[in-house]
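One structure below.
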Amino acid sequence: MADYVLARKSRNIASNAVHILLNILLGMGSVLITVFSANPALGIILVLVSKWRVFAVRRRYLLINIKSNLVDIIVGLSIVMLTYYSGSVLLPVDFVLMGVYIIWLLFIKPMSSENATHIQSLTAVFLGISASTIMSATIDPTVAVLLAFLIGYAASRHVLIQTEEENFALTTLVCGLVFAEIAWLCHLWNIVYTFGDTGIKIPQAAIILTIFAFVYNYARQTVVRYREDFRFKDILGPIIFGILLIGIIVLFFSKPAFNIY
Numbered sequence: 033m034a035d036y037v038l039a040r041k042s043r044n045i046a047s048n049a050v051h052i053l054l055n056i057l058l059g060m061g062s063v064l065i066t067v068f069s070a071n072p073a074l075g076i077i078l079v080l081v082s083k084w085r086v087f088a089v090r091r092r093y094l095l096i097n098i099k100s101n102l103v104d105i106i107v108g109l110s111i112v113m114l115t116y117y118s119g120s121v122l123l124p125v126d127f128v129l130m131g132v133y134i135i136w137l138l139f140i141k142p143m144s145s146e147n148a149t150h151i152q153s154l155t156a157v158f159l160g161i162s163a164s165t166i167m168s169a170t171i172d173p174t175v176a177v178l179l180a181f182l183i184g185y186a187a188s189r190h191v192l193i194q195t196e197e198e199n200f201a202l203t204t205l206v207c208g209l210v211f212a213e214i215a216w217l218c219h220l221w222n223i224v225y226t227f228g229d230t231g232i233k234i235p236q237a238a239i240i241l242t243i244f245a246f247v248y249n250y251a252r253q254t255v256v257r258y259r260e261d262f263r264f265k266d267i268l269g270p271i272i273f274g275i276l277l278i279g280i281i282v283l284f285f286s287k288p289a290f291n292i293y
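Straight run, no breaks: the sequence shown in my numbering ends on number 293.
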């Protein structure tokens with residue numbers, strides 16, 4: 033019996049070690065292959081292949097599986113696109129993106145608590161909107177707006193599916209539409225903050241929508257938690273903080289020198 037337990041523990045340790053190694057290789061490989069090939073296609077394929085279990089199901093379950101894994105897919109594809117748009121030479125931003133993706137795969141993605149779903153949702157919003165905004169310089173603005181809708185929908189669904197609420201389709205669609213509207217407004221004056229020669233670029237739209245998503249998730253969580261005892265003052269603080277923060281960013285950190293165009 034003791035030998036069986038020891039053997040089982042050994043297999044678990046070996047399995048965990050392989051799992052960690054594969055995730056590290058995925059995090060590094062998706063970035064490096066994109067940089068050296070100067071083409072996002074191979075990085076995208078690598079990310080999608082890593083999600084083979086999502087697609088290896090019967091056709092009737094395929095859409096459900098994709099919806100359930102949208103946040104993870106958005107994060108992976110955003111890392112690849114951000115890498116691609118940073119150029120074909122290794123820059124500090126590429127190592128940052130490697131680290132972010134590895135941390136996502138090893139620590140953030142496996143978490144399942146209520147707070148973890150909010151962190152996962154906000155991560156997808158920030159990275160997804162960052163990628164779609166930077167891409168908007170070379171693609172049709174309509175595509176960027178549609179991507180923002182998809183990101184808002186996926187982020188909202190990721191949080192709501194963990195709750196006891198059965199019908200949240202309308203809520204997720206509304207959230208997606210709000211994201212699309214804000215993305216369209218931001219596209220009219222597309223601001224991207226850069227940091228010297230590091231290659232790091234942070235779009236203003238990504239910051240604004242991440243703040244919005246945080247306030248929205250917090251407010252909705254509070255309303256659901258307190259239900260009949262809910263008072264508007266319970267969410268007034270975060271709402272005011274979010275509005276002030278967005279106002280400061282828009283009014284004082286929107287200099288033309290930062291404009292993507």
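Even glycine gets a Cβ: it sits at the ideal position worked out from N, Cα and C. Keep in mind that this is a model prediction, so the values were computed, not measured.
CA nearest to the CA of residue i, picked from the options
i, options, result
"Cys218", "Ser168, Arg189, Phe246", "Ser168"
"Phe87", "Ile45, Thr195, Ile105", "Ile105"
"Ile52", "Ile272, Val81, Phe262, Lys141", "Lys141"
"Met60", "Pro270, Gly108, Leu277, Val89", "Gly108"
"Phe273", "Ile240, Val255, Val81", "Ile240"
Same chain, Cβ closer than 6 Å to residue i, neighbours up to 5 away in sequence not counted
i, result
"Val63", "Thr115, Asp126, Leu129, Met130"
"Gly119", "none"
Cα-Cα separation, residue i to residue j
i, j, result
"Tyr225", "Thr242", "15 Å"
"Phe68", "Leu57", "16 Å"
"Asn291", "Ser153", "For Asn291, the predicted model reports a pLDDT of 49, less than 50, meaning its position is unreliable and no value from the coordinates is stated."
"His190", "Gly75", "24 Å"
"Ala187", "Asn199", "16 Å"
"Ile232", "Tyr117", "10 Å"
"Asn134", "Val175", "For clarity, residue 134 is Ile in the given sequence; the question names Asn instead. Each residue's alpha carbon lies about 28 Å from the other."
"Arg252", "Val121", "43 Å"
"Ile281", "Pro235", "11 Å"
Environment of residue i [buried if 16+ CB atoms lie within 10 Å]
i, result
"Ala238", "buried"
"Met143", "exposed"
"Leu94", "exposed"
"Ala73", "exposed"
"Lys265", "exposed"
"Gly160", "buried"
"Phe181", "buried"
"Ile111", "buried"
"Leu102", "buried"
"Leu192", "buried"
"His150", "buried"
"Lys287", "exposed"
"Trp84", "exposed"
"Ile214", "buried"
"Tyr248", "buried"
"Ser162", "buried"
"Leu137", "buried"
Residue i beta carbon near the ligand SAM (any heavy atom closer than 7 Å)
i, result
"Leu276", "The model on display carries no ligand, and the ligand SAM is accordingly not part of it."
Limits of the beta strand (DSSP E) - the one that residue i falls within
i, result
"Val224", "224-226"
Endpoints, alpha helix (DSSP H) assigned at residue i
i, result
"Lys99", "91-100"
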